[in-house]
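Under the numbering used here, the letters of the sequence shown match residues -8 to 501, in that order.
No residue lacks a Cβ here, since even glycine has one placed at the ideal position from N, Cα and C.
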Amino acid sequence: MRIKRKYEKVMLHPIMTFCLLIFGTIILSGVLTLFNASATYSKVSNIGSYVSDSVYVENLFSLSGLKFIFSNAVSSFASFTPLSMLIITLIGFGVMDKSGFLDSFFYVLTKKVSKRVVTFSLSLVCILASIGGDLSYIVLIPLAAVLFKYGKRHPKAGIICAFASLSCGIGINIFMNSIDSALMSYTLSSANLLSPDYQMSTFSYVFIMLVCALVLACIVTSITERVIVPKLGKYALLDDEEDYFTKTERRALVISLFAGVIYLLIFVYNIIPNAPLGGALLDYSQTLYIDKLFGYNSFFNQGFVFVVTILFIILGLVYGIVNKSIRNVKDLCNGLSYSLDYIGKVLVLIFFASAFIFIFKKTNIGTVFTAYLAGIISKTNFTGIPLMMLTLGFSALATLLLPSSVSKWSIMSGSVVHVFMNAGLSPELAQLVFRAGECATYALTPVMAYFVVYLAFMELYSTNTDKDGLWGNTKYLVPYSFYTLVMWIVVLILFYLIGLPLGIGTSVAL
């Protein structure tokens, strides 16, 4: 008990923790520079050959480094992608919440469904939602909090469940997204140096991904129900009064959902290629459909957050008009700003988090560490399961300091794919093992941009008695990461030993 009290006294607010991380990173960059910290790795050049590239730690513990930090403090905050996405999404979210749509919708969802089924469904949706990219964090985390709140459970349990599912399922994509497409290009470039005619399919991982998605959803559900929910207890601000669902609310819900379905059908029709008067939202400068839909310059990639916001506004507005909770323009405008009323401390948290991430990336510490690990893999003589486990472990370690999948794989692919193919293992397996390692630790790193979104909503739903700080909120995620790692180890070994196909036309061995 005395130790617990001491822990509570020294527990820092996330803002102060990020400040310490900023100072620590600056000092560490200076120390590493004194020791000439650097690493060399192999990559595929534009002319199709292996070349060596070196990366160095950049010193920010200097006059020029401090000038750089101060001169870019504003721009790093303004260009921090989660900030704009969060604010825009919360505008639509506020209309749904203020009008009563969320209350009615989640009442229907949770009334006759067991809590475990609700948790499993949320987890599975979050895992599959990785196809939507980073926007999934912005949309599903606040929705998960409200889902648990209206289901008479602690909102933080919903936040933890959603974030763990999204992060531990970052590499589990039944259908390829833009990140998978970028990773595959690096994998194929490395593979073609050893086998010029080698090809990869967009359905290379469909079988193993289906298995892992279901297993991970079960793992997340079990941890949430058995560990997280009992640990958090009852939410102090929950209303014990029984909810009632009137005929007017039922009618408003049906009509608003119908309006939302029509809106979604129009959107879906415009991402169907070669459809009459359709397909307008695709990037036809690309060849593959996945790149047309999720490419960097595609509408889906650049404008999807606004598409979701408009959907939220339509659902809330139609519900409010039918239910008479929105009677005039003033009510609508109040709803638009409703979710932004208490966002002040969230913005402050995002400011310091964005500064830390910007500074850490600038030092190249994560890049040097990843290149160092890639160099070790390139020199190993391991084959089979030991090689898979080594790569998985190094990928997990690298993710802690360099969360970006594309950045990591651009460094590691030249070494990993080469070693795997020489060991008689397929390039697809090399990329899969790399992604498996990411899944294990992606939820634990504060360098990941959307980790601050998780922290922000955890702070938003914290009471005076349950403030956990950055490390306390991270501790909730450790069991998910550990059992995700165990899951991937077991699944990979089983597929390897039995020789099961990873996907359509894809095997473990060459």
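Return helix, strand or coil for Leu416, following the three-state DSSP convention.
-> To locate residue 416, count along the sequence shown from 1; it is residue 425. Leu416 falls in the strand class under three-state DSSP.
Run the CB neighbour count on Phe351, radius 10 Å, all protein chains shown included, and call it buried at 16 or more, exposed below.
-> For this step, residue 351 is matched to residue 360 along the sequence shown. Its Cβ being crowded by 16 or more others within 10 Å, Phe351 is buried.
Rounded to a whole number of angstroms, what is the C-alpha to C-alpha distance between Phe486 and Ile495?
-> Stepping through the sequence shown from its first residue, residue 486 is reached at position 495. Stepping through the sequence shown from its first residue, residue 495 is reached at position 504. Using only the alpha carbons, I get a separation of about 14 Å.
From Ile165 to Gly123, what distance separates their C-alpha atoms?
-> Locating residue 165 in the sequence shown gives position 174, counting from the first residue. Locating residue 123 in the sequence shown gives position 132, counting from the first residue. The alpha-carbon atoms of Ile165 and Gly123 are separated by roughly 12 Å.
Residue range of the unbroken beta strand (DSSP E) whose run includes Lys34 | Taking the first residue of the sequence shown as position 1, residue 34 is located at position 43. Here the beta strand (DSSP E) through Lys34 covers Ser29 to Val35.
Excluding sequence positions up to five away, which residues of its chain have a Cβ less than 6 Å from the Cβ of Gly269?
-> Residue 269 sits at position 278 when you count from the first residue of the sequence shown. Closer than 6 Å at Cβ, skipping near neighbours: Tyr260, Asn261 and Ile263.
Can you list, in chain order, the residues of its chain whose CB lies under 6 Å from that of Leu272, leaving out five sequence neighbours each side?
-> For the purposes of this step, residue 272 is taken as residue 281 along the sequence shown, with counting starting at 1. So the list reads Asn261, Ile262 and Phe290, once near-sequence residues are dropped.
Quick one: measure Cβ to Cβ for Leu546 and Leu131, integer angstroms, because I've assumed they're closer than 8 Å.
-> Lying before the first or after the last residue shown, residue 546 is absent from the chain, which here runs from -8 to 501.
Mind checking who Asp322 pairs with in its DSSP beta bridge?
-> Counted from its first residue, the sequence shown places residue 322 at position 331. Bridge partners of Asp322: none, in fact.
Check whether Tyr452 and Lys103 have beta carbons under 9 Å apart = Working through the sequence shown from its first residue, we reach residue 452 at position 461. Working through the sequence shown from its first residue, we reach residue 103 at position 112. No, the pair does not count as a contact, with Cβ atoms beyond the cut-off.
Taking C-alpha atoms, which residue in Asp459, Pro267 and Ser186 lies nearest to Asn413?
-> By 1-based counting over the sequence shown, the position of residue 413 is 422. Ranking Asp459, Pro267 and Ser186 by Cα distance to Asn413 puts Ser186 first.
Please report how far the alpha carbon of Ile301 lies from the alpha carbon of Ile82, in whole angstroms.
-> Taking the first residue of the sequence shown as position 1, residue 301 is located at position 310. Taking the first residue of the sequence shown as position 1, residue 82 is located at position 91. About 9 Å.
How about Ser121 and Ile163: do their beta carbons lie closer than 9 Å?
-> Residue 121 sits at position 130 when you count from the first residue of the sequence shown. Residue 163 sits at position 172 when you count from the first residue of the sequence shown. Cβ distance < 9 Å, so Ser121 and Ile163 count as in contact.
Length of the line joining the Cα atoms of Gly21 and Leu51 | To locate residue 21, count along the sequence shown from 1; it is residue 30. To locate residue 51, count along the sequence shown from 1; it is residue 60. One C-alpha to the other measures close to 6 Å.
Which residues mark the beginning and the end of the beta strand (DSSP E) in which Tyr41 is found?
-> Start at 1 with the first residue of the sequence shown, and residue 41 comes out as number 50. First-last of the beta strand (DSSP E) with Tyr41: Tyr41 to Tyr47.
Kindly indicate the opening and closing residues of the alpha helix (DSSP H) around Asp282.
-> Counting from one through the sequence shown, the residue named residue 282 turns up at place 291. Tyr280 to Phe285 is the span of the alpha helix (DSSP H), which, as asked, contains Asp282.
Own chain, CB closer than 8 Å to Thr178, minus 5 neighbours either side, in chain order | Taking the sequence shown and counting its residues from 1, one reaches residue 178 at position 187. So the qualifying residues of the chain are Met191, Trp400, Ser404, Val408, Pro418, Glu419, Ala421 and Gln422.
Considering only residues of the region 454 to 491, which uninterrupted alpha helix (DSSP H) runs meet the minimum length of 4 residues and lie entirely inside it, listed in chain order?
-> 460 to 466 and 469 to 489
Quick one: grab the DSSP three-state call for Gly162.
-> The residue given as residue 162 occupies position 171 in the sequence shown. Three-state result, Gly162: coil.
Quick one: give me the first and last residue of the alpha helix (DSSP H) that Met167 is part of.
-> Residue numbering aside, residue 167 sits at position 176 when the sequence shown is read from its first letter. Segment: none, Met167 is in no alpha helix (DSSP H) and carries neither H nor E.
Beta-carbon separation (whole angstroms), Ala250 vs Ala64, contact threshold 8 Å = Taking the first residue of the sequence shown as position 1, residue 250 is located at position 259. Taking the first residue of the sequence shown as position 1, residue 64 is located at position 73. Actually they do not touch by this definition, with Cβ atoms about 43 Å apart.
Cβ neighbours of Ala243 in the same chain (closer than 6 Å, five flanking residues each side left out) = As a first step, residue 243 is located in the sequence shown; it is residue number 252 there, counting from the start. Around Ala243: Tyr310, Val313 and Asn314.
Compare the C-alpha of Met449 against each of Ser396, Leu306 and Ala135 and name the closest.
-> Position 458 of the sequence shown, counting from 1, holds the residue named residue 449. Checking every option, the nearest Cα to that of Met449 belongs to Ala135.
Specify, as a first and last residue, the run of the alpha helix (DSSP H) that Asp94 falls within.
-> Translated into the one-based positions of the sequence shown, residue 94 becomes position 103. Unbroken alpha helix (DSSP H) run through Asp94: Phe92 to Lys102.
Which first and last residues belong to the alpha helix (DSSP H) in which Thr19 is found?
-> Walking along the sequence shown from the start, residue 19 turns up at place 28. Just to set this straight, residue 19 is Leu in the shown sequence, not Thr. Per DSSP, Leu19 belongs to the alpha helix (DSSP H) from Pro5 to Leu25.
Going by other Cβ atoms of all chains shown within 10 Å of its Cβ, with 16 needed for buried, is Ile18 buried or exposed?
-> Counted from its first residue, the sequence shown places residue 18 at position 27. Ile18 is exposed by the Cβ-count criterion.
Can you find at least 3 beta carbon pairs, one from the region 204 to 216 and one from the region 105 to 115, that sit closer than 8 Å?
-> yes
Test item: CB-CB of Gly142 and Leu100 under 9 Å | Numbered from 1 along the sequence shown, position 151 holds the residue referred to as residue 142. Numbered from 1 along the sequence shown, position 109 holds the residue referred to as residue 100. In contact: Gly142 and Leu100 (Cβ atoms closer than 9 Å).
Keeping to the same chain, check which residues put their C-beta closer than 6 Å to that of Ser180; ignore five residues upstream and five downstream.
-> One-based indexing of the sequence shown puts residue 180 at position 189. Result list for Ser180: Val35, in chain order.
Whole-number beta carbon distance between Val438 and Leu340, since they are thought to touch under 8 Å | Start at 1 with the first residue of the sequence shown, and residue 340 comes out as number 349. Start at 1 with the first residue of the sequence shown, and residue 438 comes out as number 447. Contact flag wrong, Cβ pair sits at about 15 Å.
Can you tell me which of the three DSSP states Ala500 falls into?
-> Taking the first residue of the sequence shown as 1, we reach residue 500 at position 509. If DSSP states are grouped into helix, strand and coil, Ala500 belongs with the strands.
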